[in-house]
Amino acid sequence: MWVVAGMTLVSQAGPSYCIPTNISRCKTAQNVVIGMASNIDASKLKETPARFSSLSCNSSKTPKILSSESLSVGMKRGHQFVVAASPPTEDAVVATEPLTKEDLIRYLASGCKPKENWRIGTEHEKFGFEIGTLRPMKYEQIAELLHGIAERFDWDKIMEGDTIIGLKQEKQSISLEPGGQFELSGAPVETLHQTCAEVNSHLYQVKAVAEEMGIGFLGIGFQPKWALKDIPIMPKGRYDIMRNYMPKVGSLGLDMMFRTCTVQVNLDFSSEADMIRKFRAGLALQPIATALFANSPFTDGKPNGYLSKRSHIWTDTDNNRAGMLPFVFDDNFGFEQYVDYALDVPMYFVYRKEKYIDCTGMSFRDFLAGRLPCIPGELPTLNDWENHLTTIFPEVRLKRYLEMRGADGGPWRRLCALPAFWVGLLYDEDSLQSVLDMTADWTSEERQMLRNKVPKTGLKTPFRDGLLRHVAEEVLKLAKDGLERRGFKEVGFLNAVAEVASTGITPAEKLLELYHGKWGQSIDPVFEELLY
1 MWVVAGMTLV SQAGPSYCIP TNISRCKTAQ NVVIGMASNI DASKLKETPA RFSSLSCNSS
61 KTPKILSSES LSVGMKRGHQ FVVAASPPTE DAVVATEPLT KEDLIRYLAS GCKPKENWRI
121 GTEHEKFGFE IGTLRPMKYE QIAELLHGIA ERFDWDKIME GDTIIGLKQE KQSISLEPGG
181 QFELSGAPVE TLHQTCAEVN SHLYQVKAVA EEMGIGFLGI GFQPKWALKD IPIMPKGRYD
241 IMRNYMPKVG SLGLDMMFRT CTVQVNLDFS SEADMIRKFR AGLALQPIAT ALFANSPFTD
301 GKPNGYLSKR SHIWTDTDNN RAGMLPFVFD DNFGFEQYVD YALDVPMYFV YRKEKYIDCT
361 GMSFRDFLAG RLPCIPGELP TLNDWENHLT TIFPEVRLKR YLEMRGADGG PWRRLCALPA
421 FWVGLLYDED SLQSVLDMTA DWTSEERQML RNKVPKTGLK TPFRDGLLRH VAEEVLKLAK
481 DGLERRGFKE VGFLNAVAEV ASTGITPAEK LLELYHGKWG QSIDPVFEEL LY
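Okay, so the sequence shown: first residue is 1 according to the working numbering, each after it adds one.
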């Protein structure tokens with residue numbers, strides 16, 4: 001743990017650690033060099049084990065390098081703290097020794113935690129709209145909303161220059177997606193009760209301020225009414241770079257950026273072997289999650305032919321950085337193989353001096369060698385690696401935890417059900433083993449077939465001798481059993497999807513039934529139906 005002593009950051013963990021002061025630098029025996037500005041709020045520090053004696057994830061002699069994903073230089077304004085744009089930041093870590101591929105592997109391995117330290121981190125996005133016109137919120141309205149939440153509920157403001165782009169409160173953050181989708185990234189918590197309480201508290205706070213402004217929020221996976229040209233563009237530097245690059249690598253990338261919303265859960269692993277098992281189970285079952293939570297059947301005011309248009313969009317966004325990652329099922333898969341994959345995913349940007357530098361299409365391998373054309377001669381830090389990992393979008397993503405990314409956004413009960421589904425399956429050893437046994441003989445072609453077909457046919461997708469619905473019922477029982485064995489009385493959170501599995505009727509199909517019946521083929525009632 002790093003503590004502030006005067007203006008000196010002091011490590012309390014023993015002689016193998018550096019004690020950086022002001023802009024000074026120091027070396028350990030392993031040649032880790034850290035430079036740290038002195039005017040940093042210590043509560044924002046996060047430490048990242050950088051060098052391991054092995055990939056056991058439990059080395060007791062682990063030198064540490066400070067990652068500044070959540071680090072920021074800030075100023076108090078009244079009782080509020082204004083946080084500089086974060087992530088990413090770049091100035092807190094200065095590595096004078098070049099990073100190696102081994103460092104990148106060990107960065108991922110540093111996420112390993114004993115089971116008692118496993119946590120649940122839930123993220124969800126939603127569409128803000130003007131209640132009177134149903135039009136998307138403009139940035140000016142979003143800024144007013146962010147300021148209002150910060151002042152009424154004591155959140156810190158995250159700024160990019162003079163522009164408010166998000167909020168932070170302890171380990172929770174609120175951020176903006178490219179089209180103004182409003183995202184809560186929840187704190188890592190121990191139980192699903194805490195997760196759902198956090199979601200409900202957030203929705204209450206947002207509603208308290210937004211209602212006074214005539215703003216509502218919609219829980220759905222794809223913008224149902226408005227065209228791309230109607231969606232406002234958020235003033236965030238990285239999104240300008242992505243917006244220019246997306247049309248070069250796929251036909252649906254701009255739809256992904258501006259018109260989709262998701263709910264995802266981030267889960268821990270104890271070791272490389274545990275990560276591999278959870279990664280494989282997550283990828284194999286991701287199409288089932290996509291089907292259970294399918295909730296995006298409308299585009300431009302009418303049915304779009306899909307149950308999860310959001311999921312379909314990822315199939316032609318940028319296939320260099322999305323998809324089902326068949327190599328995860330190779331016998332030799334591990335942290336190193338994921339690093340090799342990530343090194344070959346083309347870069348988006350590098351963040352330097354509070355500016356995003358366009359490095360689209362360039363190679364992180366070249367960056368490691370100091371040969372990145374956009375900043376020749378510069379070497380990457382672990383921050384750059386961390387930022388690069390956030391620009392990769394497979395159905396399950398590895399960082400220092402695993403992200404389950406296959407579900408559409410939806411109403412609040414399903415925001416609690418999605419983490420319940422995956423916690424029941426992956427945090428219980430018996431259920432996880434049952435999933436691995438069930439899916440062990442699924443071929444890469446079958447997994448890809450499910451990925452391709454489920455966005456259109458949901459739980460009615462044919463699979464082997466039956467329908468995917470039958471597999472989903474079995475999987476949901478495993479999730480329920482896993483939650484029961486956890487002993488926290490969390491099974492009720494699955495109720496929101498139990499009926500979906502038993503009937504085979506997805507949330508999207510229910511919306512389509514309303515559209516063709518009660519709504520008289522008008523899309524507008526969906527804004528009331530799925531209003532938070």
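Note that CB positions come from ideal geometry on N, CA and C, so glycine has one too.
So, for residue i: in the same chain, excluding its five sequence neighbours on each side, which residues have a beta-carbon less than 7 Å away from its beta-carbon?
i: S502; result: E473
i: L530; result: L218, G219, I220, P411
i: F279; result: V328, V396, L398, L402
i: F335; result: L55, I105, L108, A109, E272
i: Y139; result: G180, P232, M234, P235
i: S173; result: G166, L167, S185
i: T260; result: G221, F222, R310, I313
Just to confirm the assignment, what range does the beta strand (DSSP E) spanning residue i have?
i: E130; result: 120–130
i: T163; result: 163–169
i: R352; result: 349–352
i: V500; result: Looking at the DSSP string, V500 is not in any beta strand (DSSP E); the run it does join, the alpha helix (DSSP H), is 495–503.
i: E403; result: 402–408
Assign residue i to one of two classes, buried (16 or more other C-beta atoms within 10 Å of its C-beta) or exposed (fewer than that).
i: T535; result: No answer is possible for residue 535: the residues shown for the chain start at 1 and end at 532.
i: R152; result: exposed
i: H516; result: exposed
i: T262; result: buried
i: T133; result: exposed
i: R365; result: exposed
i: R598; result: Not covered by the structure: residue 598. The range shown for the chain is 1 to 532.
i: Y204; result: exposed
i: K480; result: buried
i: E212; result: exposed
i: F536; result: Nothing about residue 536 can be reported from this structure: the residues present for the chain run from 1 to 532 only.
i: Q433; result: exposed
i: N117; result: exposed
i: R464; result: exposed
i: E513; result: exposed
Just verifying my parser: in three-state terms, what is the DSSP assignment at residue i?
i: E177; result: coil
i: P462; result: strand
i: M246; result: helix
i: S308; result: strand
i: R371; result: coil
i: Y356; result: strand
i: V423; result: helix
i: F293; result: coil
i: D156; result: strand
i: K518; result: coil
i: E336; result: helix
i: F393; result: strand
i: P507; result: helix
i: V263; result: strand
i: L382; result: helix
i: T317; result: coil
i: F279; result: helix
i: K115; result: helix
i: P411; result: coil
i: F364; result: helix
i: L398; result: strand
i: P136; result: strand
i: P287; result: helix
Residues in its own chain within less than 8 Å of residue i by CB, not counting five upstream and five downstream?
i: V199; result: T122, H124, L184, G186, W412, L415, C416
i: V206; result: L145, I149, F182, F217, Y532
Using a Cβ-Cβ cut-off of 6 Å (strictly less than) and excluding sequence neighbours within five positions of residue i, which residues of its own chain qualify?
i: T439; result: A284
i: G301; result: K225, I523
i: G406; result: Q286, A289, T290, E395
i: T457; result: none
i: L55; result: Caution applies to L55, whose pLDDT of 49 falls short of 50 and renders its modelled position unreliable; the value that the coordinates give is listed next. Same-chain partners within the cutoff: A109, E272.
i: R485; result: D428
i: A143; result: I164
i: H312; result: Y306, P455
i: P525; result: W519
i: M256; result: I313, T317
Would you kindly report the start and end of the unbroken alpha helix (DSSP H) that includes residue i?
i: Q223; result: No alpha helix (DSSP H) holds Q223; DSSP gives it neither H nor E.
i: E140; result: 139–153
i: F269; result: Premise fails: F269 is in no alpha helix (DSSP H) and is neither H nor E.
i: D255; result: 253–259
i: T108; result: It is Leu, not Thr, that sits at residue 108 in the sequence shown. 101–109 is the extent of the alpha helix (DSSP H) around L108.
i: F327; result: Looking at the DSSP string, F327 is not in any alpha helix (DSSP H), and its letter there is neither H nor E.
i: E529; result: 526–529
Ranges of the beta strand (DSSP E) found wholly within the region 183–223, counting only runs of at least 3: As far as the region 183–223 is concerned, its whole beta strand (DSSP E) runs of at least 3 residues are 215–218.
Restricting to runs no shorter than 4 residues, where is the alpha helix (DSSP H) found entirely within the region 430–481? 444–457, all fully within the region 430–481.
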